[in-house]
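**Q**
Numbering (my numbering), first residue to last: 38 to 459.
(1) Would you kindly check if the distance between the Cβ of residue 256 and the Cβ of residue 226 is under 8 angstroms?
(2) Have a look at residue 452 and residue 402 and give me their C-alpha separation to the nearest angstrom.
(3) With DSSP as the reference, label residue 207 as helix, strand or coil.
(4) Roughly how far, in whole angstroms, is the beta-carbon of residue 129 from the beta-carbon of residue 108, given that I think they are within contact range, below 8 angstroms?
(5) State the CB to CB distance for the pair residue 426 and residue 419, rounded to an integer number of angstroms; the pair is presumed to be in contact (CB under 8 angstroms).
(6) Tell me which residues share the same chain as residue 185 and place their Cβ nearer than 6 angstroms to its Cβ, disregarding the 5 neighbours each side in the sequence.
(7) How would you label residue 368, buried or exposed, when you count the other beta carbons within 10 angstroms and need 16 or more for buried?
(8) Roughly how many angstroms separate the alpha carbons of residue 238 and residue 397, rounded to a whole number?
(9) Under the rule that 16 or more other beta-carbon atoms within 10 Å means buried, what is residue 30, buried or exposed?
(10) Rounding to the nearest angstrom, what Cα-Cα distance links residue 492 and residue 210 in this structure?
(11) For residue 122, count neighbouring Cβ atoms within 10 angstroms of its own Cβ and tell me buried if that reaches 16, exposed if not.
(12) Roughly how many angstroms separate the alpha carbons of residue 93 and residue 199, rounded to a whole number?
(13) Count the other CB atoms within 10 Å of the CB of residue 432; is the residue buried (16 or more) or exposed (fewer)?
(14) Out of 446, 454 and 73, state which residue places its alpha-carbon closest to the alpha-carbon of residue 262.
(15) DSSP beta-bridge partners for residue 339?
(16) First and last residue of the alpha helix (DSSP H) that includes residue 380?
(17) Just the Cα atoms here: how many angstroms apart are residue 253 and residue 236?
(18) Got a sec, what are the start and stop residues for the beta strand (DSSP E) residue 178 sits in?
(19) Between the alpha carbons of residue 364 and residue 388, how many angstroms are there, rounded?
(20) If residue 380 and residue 267 are in contact, beta carbons under 8 angstroms, what's the gap, nearest whole angstrom?
(21) By DSSP, does residue 232 sit in helix, in strand, or in coil?
(22) Shortest alpha-carbon distance to residue 194 belongs to which of 240, 119 and 448?
(23) Is the CB-CB distance between residue 84 and residue 343 below 8 angstroms?
(24) Helix, strand or coil: how does DSSP classify residue 104 here?
(25) Quick check: what's the CA-CA separation for residue 354 versus residue 435?
(26) Quick check: what's the CA-CA separation for residue 75 versus residue 316?
Rendered as structure tokens:
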């Protein structure tokens with residue numbers, strides 16, 4: 038049903054396949070675009086770039102969009118409308134405490150049950166045309182069982198490839214019983230969906246060799262919404278330079294590597310601070326590491342922020358860092374924060390992972406050898422001190438972002454939705 042037609046571009050050259058595009062575009066233009074769509078995501082909607090950009094794009098053209106998601110704090114309302122999108126926070130998650138397999142799995146199973154009931158009741162009230170379900174977990178797609186039974190179409194969106202993610206988080210090889218079970222769940226979930234969106238081209242290859250035919254899949258990376266992330270006129274901090282990381286605090290993200298590197302940077306550049314925005318199971322250990330290295334005054338942790346708020350904070354930073362481990366799940370996990378930093382005009386240093394070498398090059402970002410503390414520290418110092426290098430990276434990144442923002446992909450997504458709803 039779909040065929041490869043577009044590719045990511047660097048400096049005007051085609052470098053990799055990036056979308057499986059619906060055919061018969063002229064026929065789709067004549068369709069009634071007012072659809073009723075439900076998105077289900079075990080995430081915080083206001084901070085989830087991927088879910089938010091889909092939902093707002095649909096709502097902006099007149100579709101009726103509802104979101105079933107999580108509530109981060111008791112102060113957040115259970116129901117509200119954000120930029121035309123009706124949000125239902127159907128389950129509380131007031132902290133990330135997944136230290137064991139059971140504590141990781143139980144909230145997901147509970148969310149599956151609650152989302153299934155909500156989707157059924159909302160469908161009774163007014164039928165959905167399509168449900169767009171976001172993993173993790175893959176089996177969350179079965180929350181849409183009743184609307185599918187009644188004729189609604191289903192998209193399963195693979196944010197993260199679950200068997201590899203689980204193995205990285207809890208250990209265990211590819212042949213462990215849990216990982217084998219997750220691969221079966223992946224396959225059954227793919228079969229249940231009408232179409233599958235996958236978050237990067239490397240995972241497309243892996244996913245289609247074991248769980249779904251390639252013609253049933255499309256690739257949509259985490260393109261940045263230029264209405265949210267763009268060069269902003271913000272006041273930089275006076276008398277200090279800020280290195281920043283925003284995102285999940287999991288082991289594969291490599292924040293311990295960045296903290297150890299910063300311990301080498303700070304004596305050379307005493308005006309630097311390292312600001313970390315996010316939450317995750319590694320946070321207690323990271324706090325201990327900061328204290329152990331005597332960095333408490335200059336390494337600061339902040340709570341996660343809504344997407345539009347974090348964009349302004351990122352724009353005020355002097356340097357972004359994405360220190361993922363290349364010997365883990367992070368080697369093939371695309372980091373949205375790289376393009377977010379690029380979009381707000383902040384240079385970024387990133388580990389040399391397979392996925393990031395696939396999408397970026399040395400004219401756009403500063404690479405360092407993954408896991409190498411000394412290399413990261415040296416790269417930080419170089420980027421903070423070399424004004425010409427900073428200017429070059431920012432200029433090249435701006436051109437790249439203009440070619441690869443969400444605006445360059447939005448119509449592909451809308452056409453996909455329309456083709457499924459015919």
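Glycine is no exception: its CB is placed at the ideal position from the N, C-alpha and C atoms. All values derive from a computational prediction rather than experimental measurement.
**A** In terms of the structure at hand:
(1) no
(2) 32 angstroms
(3) helix
(4) At roughly 5 angstroms, the Cβ-Cβ gap stays under 8 angstroms, so residue 129 and residue 108 are in contact.
(5) Your pair residue 426 and residue 419 checks out as a contact, with CB atoms roughly 7 angstroms apart and the cut at 8 angstroms.
(6) 191
(7) buried
(8) 13 angstroms
(9) Absent from the model: residue 30. The displayed extent of the chain is 38 to 459, so no value can be given.
(10) Given a span of 38 to 459 for the chain in the structure shown, any question on residue 492 remains unanswerable.
(11) buried
(12) For residue 93 and residue 199, the distance between alpha carbons rounds to 26 angstroms.
(13) A residue is called buried when at least 16 other Cβ atoms come within 10 angstroms of its Cβ; residue 432 does not meet this threshold and is exposed.
(14) 446
(15) 314
(16) 373-380
(17) 14 angstroms
(18) Neither: residue 178 is in no beta strand (DSSP E) and is coded neither H nor E.
(19) 11 angstroms
(20) 6 angstroms
(21) Strand at residue 232.
(22) 240
(23) yes
(24) strand
(25) 16 angstroms
(26) 27 angstroms
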